[in-house]
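If you read the sequence shown in the working numbering, its first letter stands for residue -8, the second for the next number, and so on.
Think of the CB as a built atom: it goes at the ideal place given N, C-alpha and C, for glycine as much as any other residue.
All figures in this text were calculated on a predicted structure; none of them were measured in a lab.
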Amino acid sequence: MAGVLPSEVAYLCDAANRYLREPITAADVAWQFAGVRPLLADPDPRAAKLSRDYRLQVQSDPAPALHVLGGKLTTYRVLAEEALDLLRPALPQMGPAWTATGAALPGSDWGDAAQARSQLSARAPWLPADLARRGAGAYGSRSASLLGAAQSMDDLGEHFVGARRR
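This is the structure in structure tokens:
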């Protein structure tokens, strides 16, 4: 089970304190989250130095299998294409890589940023301009769907931006 180590809390507090006027300590931490991320082995024990690369291993006997070691979210499309290329001999009916044709990611079919902001602002005129800009920039044509049935900022839940340390 993953857990947050005291040394990790101290590391993050130290990093944040470089930018804060009033230093924070572990006692100020209100919530913690830990997850497991598969990283390739590296002799350097410092987490920041661990490789974010990936390695693909194909096993063909007794049946085709692909093992993905490591990786990171920002390279998932390249990793996926390489993985499918390795599986192609075992799956000859598989078509060509769809990303090779410049396929758009979900939400990126909106044209330009100004158009997406305009559509979002028309759907939610009560949405502050900075949030409309952020929503359109991050989610494109899908940004309005994030609002669901919301008719006001209050409908979106608790507002955390500008929250203060307790």
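Which same chain residues end up closer than 6 Å to residue 25 when comparing Cβ atoms and leaving out the 5 residues on each side of it in sequence? -7, -6 and -5
Closest by C-alpha distance to residue 94, when choosing among 126, 69 and 82: Closest in alpha carbon position to residue 94, among 126, 69 and 82, is 69.
Can you give me the C-alpha to C-alpha distance between residue 18 and residue 3, rounded to a whole angstrom? 13 Å
Counting C-beta neighbours from all protein chains within 10 Å, is the total for residue 131 16 or more, i.e. buried, or is it exposed? Residue 131 comes out buried.
If we call anything under 8 Å between Cβ atoms a contact, is residue 48 one with residue 60? In this structure, residue 60 lies closer than 8 Å to residue 48 by Cβ.
Sequence ranges, alpha helix (DSSP H) only - wholly within the stretch -6 to 81, length at least 4: Runs found: -3 to 8 and 67 to 78.
Buried or exposed (CB count within 10 angstroms, at least 16 for buried), residue 109: exposed
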